[in-house]
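To keep things clear, I will list the structure first and then write my remarks on it.
Protein chains in written order, with my numbering: chain H, 1 to 313; chain S, 314 to 934; chain P, 935 to 1236.
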C-alpha cells in the first residue's frame, strides 16, 4: 500500500508541472505583446516598460519559465496589477466562503445522490429508476445560474424563506451563516448530484451482474444485504472517482454560484479579476484551482485502497 | 471409486432432487422455450452428470433449481422441481433463501469472479453461518470456517481466512467456493462446470475434492459439464442434453459404451484419440527454419527495477513443405510468442527466422513488407480476426491488392479460395457477423492463403470452436496442406488436437523447447503417469518428463475448448490496452440470462484507478 | 440468449435470415427510441430551436440590437412579444438570434475539438514515441478546470466569437484525445488488425481502413455532449462577463444584462435561462439515445 501511495504522489508532480507550464505559456504564446495585454489599452510606453521589467518579460523565454517556476515553488504568485497586493494574500482573505460552499455541496451531494442511485439501480427501467434518471438528466442540463435564479425567484422573492443574496461569516453566528448557505448549496449541487447519482446507479447495476452477487444469493442472503453489503461496496471505486472528477464542475459552479448569490469568495475574485483584466490574479487562481483539483484526485486515488484491497501494488 | 448406490438405487426411496417435466422460457415476445420437458432425479450420495454442448440448456436447468434465473430474462413456465419432496418453483422468496446453502448449494464455473473481491475469504464463508446459523457465536463460527478450510485442503487456513480473493489462485478460489457451498452440509450440491476454467492439474484436484466431501456427507451431486473425460471419471448416471431437451439418460458405463442415440454417439466418438497415425517422413525442402530464437520482454516500472522476462529462449525448429509441425504447451509456455515472432508481429530479441532461405528476423520497412506474403497467420478467436466493417470479400482480397493485384483478379482469386475452404463463392458480399465461428475460421484460412504463403502459422486456430466444428476445420487444414503444399506451424495447447493433425511435434515449457520429434514418437513415448498430489502448489513441479506431465493432465480433461480463449491476448496487452473502448463483439450469455463478461474484467477493474483508466466523459461543467 | 449450435455440415451456407444490414438495424433502433415520449419531446424542442434560429429574420423579429430608450422594460405586448430589456431591445428577437449564436458555438466547438482530438489521438495511440509527451500535456490541460482555462484565454485575447470558440474548444480537446487514443490502443491488438499487418497492408491504410472507423460512433456520441457543453460554457462565460462582446445577443449576455434588474423583472434572466436549459436538456437526452444505440459499451458505464 505504501509504495502505491508514493507512486500516486509522485505521479502528480508531472501533472502539476504541466499545469504550471500551460498557464505560463498562455500569456507568452498569445499573439501580441504580453506587456500590452497586461497593461490594458490605455497604458503609456513607460508603464509598458515598467511591466516588462517587473515581470521579467525582457528575458529569454526559458529564463522566464524557470524564474516563474522558482517563484511558484516559493509560494509566490505575484502581485495584483490593480491593487498591488500580493495575490496570495488576496486569496487568503477570500477563501472562507468558497470552502464553506464547496464542503456543504459535497456533503449534500453524497447524502442525496448515493441513495438515489442505489434506489434507481434496484429495479432498472422501472418507474422509480426512470424518475431518478430524469432528475439526473435535468440536473446535468439546467445551468447552475438558471437553477440559482429560479431558486431566488421562487424561494426568496415569492416565498421569502431565504435572503436573496449575500454571505454571513461563520464568526457572526452559525444560524445566519447556514441560512445564507442553503440556496447556493442547492444550486451548486444540481450538476453534482446528477453526476454522482448516475454513476452510482450504473456501477451498482454493473456490479449486480457480477458472479459474486450470484454467489451471495446462492448463500441465501437477503436482497438488501446483497445490494448494500456486496454491491455498493464494490461500486464504490467508480463512485469515488466521479466525486473526484466532479470537483472540476464544482469549481466552475463555484465561480458561477458566487456570482449569482454575491458571495465574496474566490469565484467572485475570478470574475472581478477578469473584469479588471488583472492577469496575475487570474493566473494565480487558475493555478490554485488546478492544484486543488489534482490534490483532490490524489486523495481519491489513495481512498481507493480503503475500498478495494486489490489496489495495493 | 465405485459407488454402492449406483444406477439410481436408493434406500429411502425418495430422491433428493426430482425434476419433472421442466420448461424454461425466455421472457417476452415469442417465449421461446430454452428448456423443454426435462425430467431427472438425483439420489443421496449419487453423482449425476448432465452433459451437452453449449446451448443445450444444461446450465439453465441448474440455475432453475437454485431459483437463480434472472427473472427479467428467463422463467420456469411449467413442471416442478422437488427438493426433498418440496416444490421449489412454488416456494416463497424467503423459503428459497432458507433452502439455499442449507439444503441445496451451488459451485460455479468461474472461480475468478465468483468471490467478492473486496471482502476477505473468511468473511465470505462466515456470511453463510451468519445468515443461517444465527445462534452461533463469533468464535464458534470462526472455528467452523477454519475446519471447513482445512477439510478442503487449503494450506495455512489462518492466512487464507484473512486473504482477499485476488491473493489466491484459481484452484484455491474454487476451494473457497466449495467451502461456501458445503459448510452447512447441504443435501444437494449443484456443480456448474466447476473445473472448466481451471488448468488441467487443478481440475483433477477439484474433482477429487468434490468426490471426497460427497462421500463424507453422502451429498447428492448434480454435475454440469461438457467434458466426457470428467463424466468418465465421476458420474454414476449421465443425462445427455441437446437444444434444451434430454436426449438420453442412463448409467455411466452404458452411456459411454453403448449409447442409444446418434447424438450421444457423436459426442462420445468425437473425443479424439491421443495416438497419432504414423506418417511417412517428409523429405521436401525446408520452408521455415528458426535458429536460436529468443524473445525477452522488458518490464520497466516506475520506481521499480527493470525486469526482463524471457518468453522464448533458444528455439530451434525446421518446417518442410507440406509438413504440419505442432507446437504444444500450456498457456505461458511461449508458444504464442514463437508464432508471433515467426510472422513478425513481434520482433525477436535474438536468433534467426529463415523463410525460404531469407532471414526475416531483423528485416524492417519495405523489405519486411515484401516478405510478409511468404508467411501468413490464422488467429485464435474467429470473432475478432475479421474486420466487422468490411465485407468478407474485401478482407480476403486485402493482401492481394496490397501486392498490386487488380481488384478483379483478386476477386476471382477470392472466389477460388472460397471453394477451396468449402464455402460458396457467393458469400463474398456478406459481412463477418453473418457467419458462424467455424465458417469465419474458414474465411480466415482463405484470407491467409490468398497470398500463396510458404508458411501458415495457426495460433490456437481451433481452440475457440465447438468439438464437431473443430474436427471439420482440422480436416480442412489437412486437405489444404495436401493441395497447396503449404507448411503449417500449428500452435495448440491440446495434445489430442495435435495428435489428429501434426506430423512433427515440439513441446514447449516456460519459454523453452523441451521435446521435438515425430508426432508418433513424442506422443507415444513411454509415459510415467504421476498422480497429481493433492497440493495447491503451482503445477510446475508435477510430472517427470514434460510430455508425460502434459499427457497426464490432459487424460483427465478431454477438454476441447481452451479454458480462456482470451486469456493469452489479455495478458499480452494488459499494460498497453486501456480498459475502455471496443472489446469483444460476440457477447455470450450466462446460463441465467445475464450477458456475460469476458475474462479480462476482473483485471480491468483493478486497473481502474490508473491515470488512463479514468472516465473519459467529463461531467458537464 | 442461447447460442445457436453450429451446423456441422461442411460448407454450410450462412443462414439467410442472418443477413440484416448493420446500418439498417442501427437506424431501426433509433426509430424505435422515438416511441419514448421524452425523446420525442426532446427532438421536437431541438428541431424548433434550429428552425427558429435558421429563420430568425422572417419570424416577426426586429433588429435584436436596436436600442429604444422609449421602450425600456416593456411588458409583453403587441410590439414586444416577450417584453423588452433595459435598453428597450426586443427580448423575443434577441432570444431567436441568441439561438443562432448558441448553435454556431456548439457546432463549431464540437467540430473543431473532434477534428483536432482525432488527429492528436491517433498520433498518440499509434506512435509510442510521442504518446507519453502528448498525454502529459493533455493531463496538464485537463487538470485546469475548463471554465477557468476559457476565461483566461478570452481575457488574454479579447472578446470575439472566434476567441470564445477557441477558448471553448481547447479544454475539450484532451477528452477527445483520450477517447480516440484508448480506442486506437484497443483496436491495435485486435486480431483483424494484426492480420492486416501480416498481409502487408501499409500503416496509413491500416489506420484509415481498420482503426479509425472504430472511433466514428463514439465520436458522434461525444460530439453531441461537446455540443451541449459548449453551448453551456459560452452562456456561462458571457454571463460572467468573460464571453462574447456585450452587444452580441447571446443567451448568456442577455442573462448578464438582466441580472441587475432581476428582482423587478425576473423575465429578463428567466426567459433566456429557461430556453437555454430546455435546449441543453434536449441535446443531452438525444445524446443519451445516440449513445445507447451507437456505443452500447460506453452506455453501460455512465
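Glycine included, C-beta positions come from ideal geometry on N, C-alpha and C.
Hey, how far is the Cα of residue i from the Cα of residue j?
i, j, result
"residue 1046/P", "residue 1103/P", "7 angstroms"
"residue 106/H", "residue 113/H", "10 angstroms"
"residue 489/S", "residue 434/S", "7 angstroms"
"residue 1088/P", "residue 1174/P", "12 angstroms"
"residue 630/S", "residue 602/S", "6 angstroms"
"residue 1011/P", "residue 970/P", "37 angstroms"
"residue 390/S", "residue 557/S", "14 angstroms"
"residue 1170/P", "residue 1184/P", "11 angstroms"
"residue 115/H", "residue 197/H", "8 angstroms"
"residue 653/S", "residue 195/H", "44 angstroms"
"residue 270/H", "residue 25/H", "19 angstroms"
"residue 874/S", "residue 780/S", "Low local confidence applies: a pLDDT of 28 at residue 874/S is under 50, so the model's placement there is unreliable, and no value is given."
"residue 723/S", "residue 713/S", "6 angstroms"
"residue 807/S", "residue 642/S", "8 angstroms"
"residue 5/H", "residue 1106/P", "30 angstroms"
"residue 763/S", "residue 730/S", "7 angstroms"
"residue 150/H", "residue 1204/P", "7 angstroms"
"residue 963/P", "residue 401/S", "39 angstroms"
"residue 238/H", "residue 301/H", "11 angstroms"
"residue 365/S", "residue 783/S", "16 angstroms"
"residue 793/S", "residue 688/S", "15 angstroms"
"residue 1186/P", "residue 1085/P", "14 angstroms"
"residue 533/S", "residue 1156/P", "54 angstroms"
"residue 665/S", "residue 681/S", "14 angstroms"
"residue 577/S", "residue 465/S", "34 angstroms"
Quick check on residue i: buried or exposed, where buried means 16 or more other Cβ atoms within 10 Å of its Cβ?
i, result
"residue 1190/P", "buried"
"residue 622/S", "exposed"
"residue 796/S", "exposed"
"residue 991/P", "exposed"
"residue 475/S", "exposed"
"residue 154/H", "exposed"
"residue 803/S", "buried"
"residue 102/H", "buried"
"residue 1283/P", "Since the first residue of chain P shown is 935 and the last is 1236, residue 1283/P is not available in this structure."
"residue 903/S", "Because residue 903/S sits at a pLDDT of 46, beneath the cut-off of 50, its placement in the model cannot be relied upon, and the following sentence gives the value as read from the coordinates. Under this definition residue 903/S is a buried residue."
Pull up the DSSP beta-bridge partners for residue i, would you.
i, result
"residue 825/S", "626/S and 822/S"
"residue 1024/P", "1018/P"
"residue 610/S", "622/S"
"residue 689/S", "769/S"
"residue 415/S", "The partner list for residue 415/S (beta bridge, DSSP) is empty, contrary to what the question assumes."
"residue 550/S", "361/S and 564/S"
"residue 805/S", "641/S"
"residue 831/S", "817/S"
List the whole-angstrom C-beta distance separating residue i from residue j, where the pair is believed to meet the contact cut-off of C-beta under 8 angstroms.
i, j, result
"residue 1215/P", "residue 138/H", "6 angstroms"
"residue 639/S", "residue 805/S", "6 angstroms"
"residue 243/H", "residue 187/H", "19 angstroms between Cβ atoms; not a contact."
"residue 256/H", "residue 144/H", "5 angstroms"
"residue 1228/P", "residue 1154/P", "6 angstroms"
Check whether the region 248 to 265 of chain H and the region 51 to 59 of chain H touch, using three or more Cβ-Cβ pairs below 8 angstroms as the test. no
Does the region 687 to 705 of chain S come within contact of the region 1116 to 1133 of chain P, defined as at least 3 CB pairs closer than 8 angstroms? yes
Is there contact here, the region 499 to 509 of chain S with the region 414 to 429 of chain S, by at least three beta-carbon pairs under 8 angstroms? yes
Does the structure place the region 204 to 220 of chain H close enough to the region 403 to 414 of chain S that three or more beta carbon pairs sit under 8 angstroms? yes
Can we say the region 153 to 164 of chain H touches the region 178 to 187 of chain H, given the rule of at least three CB pairs closer than 8 angstroms? yes
I'd like to know if the region 88 to 97 of chain H and the region 265 to 284 of chain H are in contact, where contact means that at least 3 CB-CB pairs between them fall below 8 angstroms. yes
The region 66 to 86 of chain H touching the region 220 to 228 of chain H, judged by at least three CB pairs closer than 8 angstroms: no
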